[in-house]
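Participant: For reference, the structure I am asking about is given below.
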Amino acid sequence: MSIRDRLSGNEAIATAMRQINPDVFAMFPITPSTEIPQYFAQYVADGKVDTEFITVESEHSSLSACMGAEAAGCRAVTATSSAGLAYMNEVLYVAASSRLPIVLAVSCRALTGPININHDYSDSMAERDSGFIQIYAENNQEAYDNYLQAHRIAETADVRLPIMICEDGFITSHAIENIELEEDDAVKAFVGEYKPEHYLLKEENPLAVGPYGVSGYYMEARVAQAEAMKNAKRAILDVAADFERTFGRKYGLIEEYCMEDAELAIVLMGSSAGTAKAAVNELRAQGVKAGLVKVRVFRPFPGEEIAQAISHCKAVAVLDKSEGFSGCGGPLFAETASMCINLEKRPKMVDIVYGLGGRDFTVDHAKRVYRRLEKIVATGEVGPIYSHMGQRDLREDVQ
Amino acid sequence: MSEMIEIRWHGRGGQGAKTASQLLADAAFMSGKYVQSFPEYGPERSGAPITAYNRISEERCSIHSNIYEPDYVAVVDETLLDSVNVTAGLKAHGAVIINTEKNPEELRAKLHGYEGRICTIDARAISQKHLGAYFPNTPMLAAVVAVSKCVDPYEFLKDMETSYRHKFAKKPQVVEGNLKCLSEAMKGVKG
Amino acid sequence: MAYNLKEQLSKEERFEAGHRLCAGCGAGIVCRAMMRAVEPEDKAVICNATGCLEVSSFQYPFTAWHDSYIHTAFENTSATASGVEAAYNVMKRKGKIPAERNVKILAIGGDGGTYDIGFQSLSGALERGHDFTYFCYDNNAYMNTGTQRSSATPRFASATTTPAGVESVGKKQAQKDLTQIVVSHGSPYVAQTTLIGNLKDFHEKAHKAIYTQGATFVNVLCPCPRGWQYPAEDLIKICKLAVDTCVWPLYEVENGEYRLTYEPKKKLPVEEFMSLQGRFKHCFKPGNEWTIEAAQQYVDKKWEELLAKCK
Amino acid sequence: MSEFKKAKDINEQIPWQELTTGCEIYEPGTSRLTMTGEWRSKIPVWNAEKCKQCLLCAPFCPDSSIPVKDGKRTEFDYDHCKGCGICFKACPFGAIDWKEVH
Chain A
44 MSIRDRLSGN
54 EAIATAMRQI
64 NPDVFAMFPI
74 TPSTEIPQYF
84 AQYVADGKVD
94 TEFITVESEH
104 SSLSACMGAE
114 AAGCRAVTAT
124 SSAGLAYMNE
134 VLYVAASSRL
144 PIVLAVSCRA
154 LTGPININHD
164 YSDSMAERDS
174 GFIQIYAENN
184 QEAYDNYLQA
194 HRIAETADVR
204 LPIMICEDGF
214 ITSHAIENIE
224 LEEDDAVKAF
234 VGEYKPEHYL
244 LKEENPLAVG
254 PYGVSGYYME
264 ARVAQAEAMK
274 NAKRAILDVA
284 ADFERTFGRK
294 YGLIEEYCME
304 DAELAIVLMG
314 SSAGTAKAAV
324 NELRAQGVKA
334 GLVKVRVFRP
344 FPGEEIAQAI
354 SHCKAVAVLD
364 KSEGFSGCGG
374 PLFAETASMC
384 INLEKRPKMV
394 DIVYGLGGRD
404 FTVDHAKRVY
414 RRLEKIVATG
424 EVGPIYSHMG
434 QRDLREDVQ
Chain B
20 MSEMIEIRWH
30 GRGGQGAKTA
40 SQLLADAAFM
50 SGKYVQSFPE
60 YGPERSGAPI
70 TAYNRISEER
80 CSIHSNIYEP
90 DYVAVVDETL
100 LDSVNVTAGL
110 KAHGAVIINT
120 EKNPEELRAK
130 LHGYEGRICT
140 IDARAISQKH
150 LGAYFPNTPM
160 LAAVVAVSKC
170 VDPYEFLKDM
180 ETSYRHKFAK
190 KPQVVEGNLK
200 CLSEAMKGVK
210 G
Chain C
6 MAYNLKEQLS
16 KEERFEAGHR
26 LCAGCGAGIV
36 CRAMMRAVEP
46 EDKAVICNAT
56 GCLEVSSFQY
66 PFTAWHDSYI
76 HTAFENTSAT
86 ASGVEAAYNV
96 MKRKGKIPAE
106 RNVKILAIGG
116 DGGTYDIGFQ
126 SLSGALERGH
136 DFTYFCYDNN
146 AYMNTGTQRS
156 SATPRFASAT
166 TTPAGVESVG
176 KKQAQKDLTQ
186 IVVSHGSPYV
196 AQTTLIGNLK
206 DFHEKAHKAI
216 YTQGATFVNV
226 LCPCPRGWQY
236 PAEDLIKICK
246 LAVDTCVWPL
256 YEVENGEYRL
266 TYEPKKKLPV
276 EEFMSLQGRF
286 KHCFKPGNEW
296 TIEAAQQYVD
306 KKWEELLAKC
316 K
Chain D
81 MSEFKKAKDI
91 NEQIPWQELT
101 TGCEIYEPGT
111 SRLTMTGEWR
121 SKIPVWNAEK
131 CKQCLLCAPF
141 CPDSSIPVKD
151 GKRTEFDYDH
161 CKGCGICFKA
171 CPFGAIDWKE
181 VH
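Structure below.
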């Protein structure tokens with residue numbers, strides 16, 4: 044039986060952690076993820092978990108300690124945001140290439156500068172090539188559900204990769220909303236025990252982790268890691284299928300909303316998808332064939348699935364909540380567009396960078412995007428492929 | 020979604036506007052509603068003006084933006100009226116609920132031409148009387164419920180009693196004080 | 006138990022031949038002796054900072070270590086060890102490791118990974134008091150990248166980023182006294198040693214450090230023939246001179262109590278240590294005599310300070 | 081013990097599918113498979129007759145190439161000895177020569 048409750052995204056994730064009872068939690072605080080280890084510290088203080096809770100001196104060390112613990116044979120977790128994730132950058136790559144299935148909760152927040160504590164994806168997007176699996180949540184429920192699935196995905200034998208469970212800083216992390224929680228025992232049964240084949244503290248044989256790899260091995264090691272990331276796609280769907288059987292809530296790599304006959308579509312991530320759904324509802328009521336694709340899994344990138352979902356559309360806007368500074372669009376657009384390149388028939392596509400550093404994204408903003416797509420369809424003119432939305436601007440508003 | 024009620028709270032960092040919005044979400048949650056409670060975050064420290072929000076509805080609300088056209092506005096600290104345009108975007112059918120000892124019409128001049136309903140509640144006096152200290156949140160919460168009817172007032176008092184009895188299991192006198200505080204505030208709204 | 010070299014060498018080797026350290030590298034001697042200090046019935050997990058030792062002792066698929074080993078990065082070895090220790094504690098608590106099984110957690114890094122880039126994580130782990138022992142093989146510069154100066158490089162040493170030249174007499178600053186800094190963390194056991202005699206001094210300190218509960222630290226002066234520019238075969242002589250000139254005093258600090266473990270019968274001039282090494286060659290050029298005097302004054306001052314603490 | 085990939089079966093000819101996950105190794109001391117004796121330009125020669133078995137040479141070998149058996153040193157492990165000469169200097173009895181490799 045699910046338990047009806049109301050929690051913030053951070054407390055939902057902390058609750059999932061409590062139910063899973065990981066072996067080691069290495070923490071260093073940073074807004075807006077700080078509440079996660081704070082809630083957890085209280086669980087430790089109250090004897091609700093028997094986790095070894097290490098209060099390290101930096102995020103670089105929190106992930107390093109997780110590496111040591113995970114390699115030693117434990118489930119190790121941590122949480123961070125923004126500069127903390129950036130500070131972990133080096134270790135993210137090492138954890139992934141060492142194939143250690145650490146679970147990292149990220150309350151996504153803008154990177155400096157100027158320094159800003161609010162939400163966008165500049166932190167997690169900057170780590171998109173780190174080798175971590177990345178799953179994003181629209182709300183507290185998804186943050187909780189994604190976390191419950193995380194260990195199993197990461198620990199899948201032919202995957203063995205670390206995973207980021209991302210929620211939108213403040214918007215999700217600090218907003219209290221209704222949530223369906225699952226019983227502790229049901230969660231434990233779903234997640235299961237961690238049984239690595241080899242680990243540092245194994246009695247029967249030693250384990251050596253993290254070698255120097257000469258050129259004669261490096262390429263092969265990287266291909267193996269790339270294949271593991273490809274395997275993660277199947278693992279995510281398998282775990283989601285079992286999650287649906289067990290708890291009744293359904294997840295995929297992407298969520299298609301009103302896409303069956305959509306002519307105009309937005310591709311976006313996280314809480315903005317929920318806001319945009321309200322715009323779709325309004326437009327549908329007016330007879331506009333609007334739809335949206337919410338990208339739940341960003342790594343591995345569900346390129347074929349997205350391309351398939353939007354292939355029949357006339358115009359598509361990709362909404363990027365991070366500035367990649369490529370000079371020609373954000374990362375979600377670059378990858379979405381590249382995956383459409385071989386479609387027989389493909390929609391006109393534009394990229395809109397929005398919502399940086401907590402700049403609000405409203406239903407009206409979403410409607411403006413659909414109006415722009417209508418104009419593209421009507422005129423056949425795409426206009427600027429890459430633009431920003433929501434900023435004060437001396438130029439004529441391209442939206 | 021027409022039955023969704025959106026509320027905006029204005030307070031000062033450390034005074035508990037965020038907590039008040041959470042308490043309201045709790046109350047609405049207990050009466051079976053779908054709720055959202057979220058503050059607008061910045062690096063503000065104690066004393067700085069802050070904003071918090073509530074959405075209360077019968078179905079889950081997928082919108083995650085701030086609220087620009089609230090149905091109700093709650094002002095926890097009267098002195099904010101000098102610096103913040105608290106009624107900005109407030110819907111015509113709505114109301115602003117202000118913590119003050121003044122009468123509603125005495126404050127209209129400070130509300131930037133706002134023509135709608137003004138409600139006041141002397142949260143300080145009620146709080147001092149029943150709780151022996153200044154905790155504006157409890158009377159404010161009751162006033163917002165009384166004005167907005169975002170939850171059924173009778174159910175609200177019942178749920179709050181259950182909640183207080185659980186929360187203050189070892190301090191029954193605190194339960195009584197809080198309940199009196201709520202019921203007096205519900206009756207004491209002016210305007 | 007009294008130190009017996011024959012018994013020690015009869016133990017099974019735990020740092021294998023075939024690693025790729027330079028011929029004559031002190032680090033190989035350090036690793037062997039470190040592993041002899043772990044009781045044969047106990048297992049160890051070695052956490053190694055990026056550096057010469059790491060690229061040489063675990064080059065895929067060849068590990069020199071008989072015990073479990075993990076390398077993650079350069080600056081985070083103490084943090085990695087913290088995680089291993091946390092795992093060990095929790096696995097014992099949860100019954101995943103039998104109570105009677107003993108695993109010693111060792112961290113090892115060069116002076117770059119310890120004095121400098123790894124200093125933050127070392128300080129953090131010391132302060133938290135994880136039950137592990139950190140061994141620093143201090144070879145006085147960043148050797149893995151080609152002898153760039155570190156904070157462990159002594160004053161006047163020529164390094165590739167502090168070369169001697171017309172306007173330069175090598176490194177301008179004295180060596181950071183990391184051992185003292187570790188003592189200031191309140192570590193229950195801290196020691197300085199090097200590779201001399203029958204390695205009794207090293208062994209006893211390593212053993213005491215490994216078998217003292219808490220975060221303990223052993224700082225080992227570890228010559229690098231390439232970086233210090235001396236003939237590789239002279240390693241023992243160099244170490245002995247470092248000790249007899251008091252450039253590298255041998256002492257230990259147990260719960261804050263200082264103890265000198267070796268006092269030279271005759272304290273030799275620092276010049277004798279310097280003259281064997283190409284990195285100090287410029288100090289012996291006419292006009293640079295003052296550098297040797299300054300080096301001597303510094304060593305004398307530090308030595309007197311240490312003696313005062315050991316009284 | 082489960083069957084796992086051995087270092088001796090890992091080389092620069094095998095495909096990526098046959099590497100260990102994360103380039104881990106599950107055995108002790110596989111470096112022994114590397115013949116670092118090939119690096120040698122000078123060679124230590126042990127004179128068993130002069131040797132007093134004081135063992136001072138053995139712990140100073142950075143390459144674990146002076147095996148000690150039953151409390152006595154034995155012949156150098158020339159497969160791995162890099163010829164650094166430290167043992168030659170360590171010996172107080174002149175029982176180790178150090179010669180050019182020809």
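Chains A, B, C and D, in that order, are what the protein sequence lines are.
Residue 44 is where the first sequence starts when you use the numbering used here, and the numbers rise one by one after that.
Residue 20 is where the second sequence starts when you use the numbering used here, and the numbers rise one by one after that.
Residue 6 is where the third sequence starts when you use the numbering used here, and the numbers rise one by one after that.
Residue 81 is where the fourth sequence starts when you use the numbering used here, and the numbers rise one by one after that.
We put the beta carbon where it would ideally sit given N, CA and C, even for glycine.
Taking beta-carbon pairs under 9 Å, can you tell me which members of the stretch 160-180 of chain D lie near chain C?
Facilitator: So the close ones are His160, Cys161, Lys162, Gly163, Cys164, Gly165, Ile166, Cys167, Phe168, Lys169, Ala170 and Trp178.
Participant: Per DSSP, what kind of secondary structure is Glu298 of chain A in: helix, strand or coil?
Facilitator: DSSP places Glu298 of chain A in strand when its eight states are reduced to three.
Participant: Which parts of the stretch 36-123 of chain C are runs of the beta strand (DSSP E), unbroken and 3 residues or longer, counting only runs that do not cross its ends?
Facilitator: For the stretch 36-123 of chain C, whole beta strand (DSSP E) runs of length 3 or above, ordered along the chain, are 48-53, 73-76 and 108-115.
Participant: Bridge partners of Glu180 of chain D, per DSSP?
Facilitator: According to DSSP, which records beta bridges pairwise, Glu180 of chain D is partnered with D:Lys122.
Participant: What three-state label does DSSP hand Asn221 of chain A in the structure shown?
Facilitator: Correct three-state label for Asn221 of chain A: strand.
Participant: Excluding five sequence neighbours on each side, which residues of the same chain lie with their C-beta closer than 7 Å to the C-beta of Val252 of chain C?
Facilitator: Excluding positions up to five away in sequence, the list reads Val275, Phe278 and Val304.
Participant: Going along chain D in order, which residues have a C-beta closer than 8 Å to the C-beta of Arg203 of chain A?
Facilitator: The contacting residues are Thr101 and Gly102.
Participant: Going by CA-CA distance only, name the one from D:Cys164, D:Lys85 and D:Asn127 that's closest to Thr110 of chain D.
Facilitator: Residue D:Lys85 is the option with its Cα nearest to Thr110 of chain D.
Participant: Looking only at its own chain, which residues have a Cβ that is under 6 Å from the Cβ of Cys229 of chain C, when we skip the five neighbours before and after it?
Facilitator: Counting only Cβ-Cβ distances below 6 Å, and skipping sequence neighbours, we find Asn144 and Met148.
Participant: What are the start and end residues of the alpha helix (DSSP H) that includes Lys418 of chain A?
Facilitator: Here the alpha helix (DSSP H) through Lys418 of chain A covers Val406 to Thr422.
Participant: Kindly indicate the opening and closing residues of the alpha helix (DSSP H) around Glu195 of chain B.
Facilitator: Element bounds for Glu195 of chain B: Pro191 to Lys206.
Participant: Starting from His431 of chain A, trace the alpha helix (DSSP H) both ways and give me its first and last residue.
Facilitator: Note, His431 of chain A: premise wrong, no alpha helix (DSSP H); beta strand (DSSP E) at Tyr429 to Met432.
Participant: What residues from the stretch 241-260 of chain C come within 8 Å of chain D, judged by C-beta to C-beta, listed N to C?
Facilitator: Hits within the stretch, in order: Ile241 and Lys242.
Participant: In three-state DSSP terms, what is His135 of chain C?
Facilitator: Correct three-state label for His135 of chain C: coil.
Participant: Taking 8 Å as the CB-CB limit, is Ile94 of chain D close to chain C?
Facilitator: No, Ile94 of chain D lies away from the interface with chain C (no Cβ there is under 8 Å from its Cβ).
Participant: Between the alpha carbons of Ala146 of chain C and Thr77 of chain C, how many angstroms are there, rounded?
Facilitator: Roughly 21 Å between the two C-alpha positions.
Participant: What three-state label does DSSP hand Ala360 of chain A in the structure shown?
Facilitator: Correct three-state label for Ala360 of chain A: strand.
Participant: Assuming Ala352 of chain A and Ala409 of chain A make a contact with CB atoms under 8 Å, what is their CB distance in whole Å?
Facilitator: That pair is no contact at about 18 Å.
Participant: Out of curiosity, what's the CA-to-CA distance linking Val160 of chain C and Ala300 of chain C?
Facilitator: The displayed chain sequence assigns Arg, not Val, to residue 160 of chain C. Arg160 of chain C and Ala300 of chain C: Cα-Cα distance of roughly 7 Å.
Participant: Within 10 Å of its beta-carbon, does Tyr173 of chain B have 16 or more other beta-carbons around it, so buried, or fewer, so exposed?
Facilitator: Classification for Tyr173 of chain B: exposed.
Participant: Would DSSP call Pro236 of chain C helix, strand or coil?
Facilitator: Coil, per DSSP.
Participant: Please list, in chain order, the chain D residues whose beta carbon lies closer than 7 Å to that of Ala251 of chain A.
Facilitator: Residues of chain D passing the Cβ test: Glu104 and Ile105.
Participant: How would you call Lys48 of chain C, buried or exposed, if buried means at least 16 neighbouring beta carbons within 10 angstroms?
Facilitator: Lys48 of chain C is buried by the Cβ-count criterion.
Participant: For Ala321 of chain A, return the contacting residues in chain B, with the cut-off set at a CB-CB distance below 7 Å.
Facilitator: Correct list: Ser81 and Ile82.
Participant: In whole angstroms, what is the alpha-carbon distance linking Met20 of chain B and Glu225 of chain A?
Facilitator: Any reading at Met20 of chain B is ruled out, since the residue's pLDDT is 40, under 50, leaving its predicted position unreliable.
Participant: On the DSSP bridge list, what partners appear for His29 of chain B?
Facilitator: DSSP output for His29 of chain B lists B:Thr70 and B:Val94 as bridge partner(s).
Participant: Straight-line CA distance for Glu203 of chain B to Ala107 of chain B?
Facilitator: Roughly 29 Å separates the two Cα atoms.
Participant: Who are the neighbours of Asp47 of chain C on chain A, taking C-beta pairs under 7 Å?
Facilitator: Result: empty, since nearest Cβ-Cβ is about 12 Å, beyond 7 Å.
Participant: Compute the Euclidean distance between the alpha carbons of Pro72 of chain A and Thr123 of chain A, then round it to the nearest angstrom.
Facilitator: About 7 Å.
Participant: On the three-pair Cβ rule with 8 Å, is the stretch 93-105 of chain A touching the stretch 216-225 of chain A?
Facilitator: With a cut-off of 8 Å, the stretch 216-225 of chain A and the stretch 93-105 of chain A do not count as touching, because too few Cβ pairs lie within range.
Participant: What does a CB cutoff of less than 7 Å around Tyr300 of chain A pick up in its chain, not counting 5 residues either side in sequence?
Facilitator: Hits under 7 Å: Lys320, Val323, Gly334, Leu335 and Lys337.
Participant: Which residues of chain A have a Cβ atom closer than 9 Å to the Cβ of Phe154 of chain B, listed in chain order?
Facilitator: By Cβ distance, chain A contributes nothing, its closest Cβ being about 20 Å from Phe154 of chain B, past 9 Å.
Participant: Cutting at 6 Å between CB atoms, please list the residues of its own chain near Met302 of chain A, excluding the five before and the five after it.
Facilitator: Cβ within range, chain order: Gly334 and Ala352.
Participant: Strictly below 7 Å CB to CB, what residues from chain C border Trp119 of chain D?
Facilitator: Under the 7 Å cutoff, chain C gives Ala28.
Participant: Under 8 Å between C-beta atoms, does Pro108 of chain D make it to chain A?
Facilitator: So yes, Pro108 of chain D belongs to the interface.
Participant: Does the beta carbon of Glu263 of chain A come closer than 8 Å to any beta carbon on chain D?
Facilitator: Yes, Glu263 of chain A counts as interfacial toward chain D.
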